[in-house]
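The structure under discussion appears below in the form of structure tokens.
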Amino acid sequence: MQTTYNIGILGATGMVGQRFIQLLENHPWFRVTWLAASDRSSGKPYADAVRWKLDTPIPPSVAKLPVSPATPEQNPNGVPEIIFAALDTDIARDLEPRFAAAGCAVISNSSAFRMQADVPLVIPEVNADHLALIPQQNWNAPGKGVQKRGYIVTNPNCSAIGLVLALKPLAERFGLRSVFVSTMQAVSGAGYPGVPSLDILGNVVPFIRNEEEKLEAETRRLLGKLENSQVTPLDARVSAHCNRVAVEDGHTESVSIELASKPTREEILAAWREFQPLRANNLPTAPEQPVEYNPAEDRPQPRLDRMRGRGMAATVGRLRPCSLLDWKFTVLSHNTIRGAAGAALLNAELLASQGKLSPSGKTS
Numbered sequence: 039m040q041t042t043y044n045i046g047i048l049g050a051t052g053m054v055g056q057r058f059i060q061l062l063e064n065h066p067w068f069r070v071t072w073l074a075a076s077d078r079s080s081g082k083p084y085a086d087a088v089r090w091k092l093d094t095p096i097p098p099s100v101a102k103l104p105v106s107p108a109t110p111e112q113n114p115n116g117v118p119e120i121i122f123a124a125l126d127t128d129i130a131r132d133l134e135p136r137f138a139a140a141g142c143a144v145i146s147n148s149s150a151f152r153m154q155a156d157v158p159l160v161i162p163e164v165n166a167d168h169l170a171l172i173p174q175q176n177w178n179a180p181g182k183g184v185q186k187r188g189y190i191v192t193n194p195n196c197s198a199i200g201l202v203l204a205l206k207p208l209a210e211r212f213g214l215r216s217v218f219v220s221t222m223q224a225v226s227g228a229g230y231p232g233v234p235s236l237d238i239l240g241n242v243v244p245f246i247r248n249e250e251e252k253l254e255a256e257t258r259r260l261l262g263k264l265e266n267s268q269v270t271p272l273d274a275r276v277s278a279h280c281n282r283v284a285v286e287d288g289h290t291e292s293v294s295i296e297l298a299s300k301p302t303r304e305e306i307l308a309a310w311r312e313f314q315p316l317r318a319n320n321l322p323t324a325p326e327q328p329v330e331y332n333p334a335e336d337r338p339q340p341r342l343d344r345m346r347g348r349g350m351a352a353t354v355g356r357l358r359p360c361s362l363l364d365w366k367f368t369v370l371s372h373n374t375i376r377g378a379a380g381a382a383l384l385n386a387e388l389l390a391s392q393g394k395l396s397p398s399g400k401t402s
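39 is the number of the first residue of the sequence shown in our numbering; add one for each residue after it.
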């Protein structure tokens with residue numbers, strides 16, 4: 039790519055917003071030119087408005103940017119036509135359509151519109167073809183006469199991404215009938231300040247609100263087929279147990295699966311190893327190997343494996359026969375990189391490579 043896109047970040051002071059800023063530093067295609075957050079941050083330089091919690095400094099190019107109001111109507115000089123949204127669901131439900139109606143491409147990490155029929159829910163390695171839903175969207179209010187057609191594209195729940203990356207090559211080759219998954223999810227998935235220390239230290243919390251429902255529904259949608267301009271979910275049973283554990287970053291999932299055919303262990307390992315659907319796309323954030331197998335008997339582990347593929351790969355291990363279904367394994371993925379900001383960034387790169395980002399958002 040010979041150009042750079044100007045982009046904005048909604049929810050820039052939150053944990054996912056901070057990840058966006060960290061991942062976008064020195065990005066070859068995207069340049070952060072606009073930041074927005076809550077009213078109490080508006081008007082402040084970003085460095086003064088944010089409680090920075092990541093292990094790298096605030097990029098100097100972003101530190102002095104003023105924080106703008108978080109609506110297109112309150113920005114008389116306009117907003118970038120490409121918006122990364124890192125908003126709580128209730129806020130996203132209000133704000134994201136307003137930015138789309140203003141002609142923006144909204145690349146969202148929120149769950150607000152993931153299951154809406156005309157909104158693509160996308161993992162680029164899994165279902166890039168679902169981006170064909172975009173032309174069906176119409177966020178413009180009747181009579182407003184907005185010429186630019188904005189849209190919303192979403193990435194999945196943080197626990198669904200690692201699971202579906204591991205399932206996709208198996209579903210393609212062998213057919214998938216049933217999935218049983220139990221998650222051990224890091225505290226960073228709850229945002230900041232997240233889970234109170236007295237609730238999580240030395241403890242496991244076997245409940246994350248709406249998480250099991252999201253994981254089950256999104257898995258079937260992501261692995262579904264786009265037919266007649268709508269997504270038909272995968273015809274498989276998915277059952278999830280979701281738990282919060284005292285881990286900083288990295289969601290670990292124990293998975294059992296039933297397949298339509300009966301592959302050998304070597305055939306399953308080959309399916310993961312040969313799964314490289316983006317190899318020819320040259321997307322800057324895409325991992326070279328999206329699913330990595332670790333043969334050690336006690337891996338993957340969050341502390342040791344969450345940064346594989348610069349935090350964008352899913353690591354699988356402990357593949358073995360299952361006495362209840364067919365096979366079982368463990369999968370690990372970084373929940374705030376691959377499971378949040380990195381997932382949205384990769385979606386934006388895919389859109390850019392397909393010419394689906396507005397040309398007027400480019401700078402030389």
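From the three backbone atoms N, C-alpha and C, an ideal C-beta is built for every residue, glycine too. Keep in mind it's a predicted model, so treat the numbers as computed, not measured.
Short Cβ contact (8 Å threshold) for residue i with residue j
i: proline 207; j: aspartate 287; result: no
i: asparagine 385; j: valine 164; result: no
i: leucine 260; j: valine 202; result: yes
i: phenylalanine 218; j: serine 146; result: no
i: asparagine 178; j: alanine 382; result: no
i: alanine 108; j: proline 83; result: no
i: threonine 71; j: proline 110; result: no
i: alanine 139; j: glycine 81; result: no
Residue i classed as buried or exposed, judged by whether at least 16 other C-beta atoms fall within 10 angstroms
i: proline 95; result: exposed
i: leucine 195; result: First, the residue type needs correcting, since residue 195 is asparagine and not leucine in the sequence shown. Looking at its Cβ environment, which holds 16 or more other Cβ atoms inside 10 Å, asparagine 195 is buried.
i: lysine 252; result: buried
i: leucine 133; result: buried
i: leucine 62; result: buried
i: asparagine 373; result: buried
i: arginine 303; result: exposed
i: threonine 290; result: buried
i: valine 184; result: Residue confidence for valine 184 is low, a pLDDT of 49 falling below 50, so the modelled location carries little weight and cannot support an answer.
i: leucine 406; result: Not covered by the structure: residue 406. The range shown for the chain is 39 to 402.
i: proline 98; result: exposed
i: arginine 311; result: exposed
i: proline 158; result: buried
i: proline 162; result: buried
i: serine 106; result: buried
i: leucine 125; result: buried
i: aspartate 237; result: exposed
Rounded Cβ spacing between residue i and residue j (contact assumed at less than 8 Å)
i: leucine 297; j: phenylalanine 212; result: 4 Å
i: leucine 363; j: serine 216; result: 6 Å
i: histidine 65; j: proline 328; result: Histidine 65 to proline 328, Cβ: 19 Å. No contact.
Euclidean distance between Cα positions of residue i and residue j
i: glycine 181; j: proline 135; result: Annotation note: pLDDT 47 at glycine 181 (below 50); position unreliable, no value reported.
i: glutamate 254; j: isoleucine 246; result: 14 Å
i: glycine 377; j: glycine 200; result: 8 Å
i: lysine 300; j: serine 277; result: 21 Å
i: cysteine 280; j: proline 333; result: 25 Å
i: glycine 52; j: serine 361; result: 43 Å
i: arginine 131; j: isoleucine 47; result: 16 Å
i: isoleucine 375; j: serine 226; result: 11 Å
i: alanine 143; j: alanine 170; result: 14 Å
i: glutamine 56; j: valine 88; result: 9 Å
i: glutamate 353; j: glycine 116; result: Contrary to the premise, residue 353 reads as threonine rather than glutamate in this sequence. Approximately 42 Å, taken between the alpha carbons.
i: leucine 357; j: histidine 168; result: 30 Å
i: glycine 49; j: phenylalanine 313; result: 34 Å
i: valine 2; j: aspartate 128; result: Residue 2 lies beyond the residue range present for the chain, which begins at 39 and ends at 402; the question has no answer from this structure.
i: leucine 370; j: proline 114; result: 44 Å
i: arginine 337; j: arginine 78; result: 44 Å
i: proline 231; j: asparagine 266; result: 44 Å
i: tyrosine 331; j: asparagine 176; result: 42 Å
Beta-carbon contacts of residue i that lie in its chain and below 7 Å, excluding the five residues immediately before and after
i: glycine 262; result: Val269, Thr270, Pro271 and Leu272
i: arginine 258; result: Pro271, Leu272, Ala274 and Val276
i: alanine 155; result: Gln268
i: arginine 317; result: none
i: glycine 229; result: Gly52 and Met53
Residues of its chain near residue i, where Cβ-Cβ distance is below 8 Å and the 5 sequence neighbours each way are ignored
i: proline 325; result: Arg346, Gly347, Arg348, Met350 and Ala351
Close beta carbons around residue i, own chain, < 6 Å, minus the five adjacent residues each side
i: glutamine 112; result: none
i: isoleucine 283; result: Correcting the residue identity first, residue 283 is valine in this sequence and not isoleucine. Contacts found: Met222 and Val242.
Residue i CB to nearest heavy atom of the ligand ATP below 7 Å
i: aspartate 336; result: By its list of ligands, the structure shown contains no ligand whatsoever, and the ligand ATP lies outside what it can speak to.
Contact with chain D by residue i, beta-carbon distance below 8 Å
i: leucine 103; result: Judged by its chain identifiers, the structure shown contains no chain D, having just a single protein chain.
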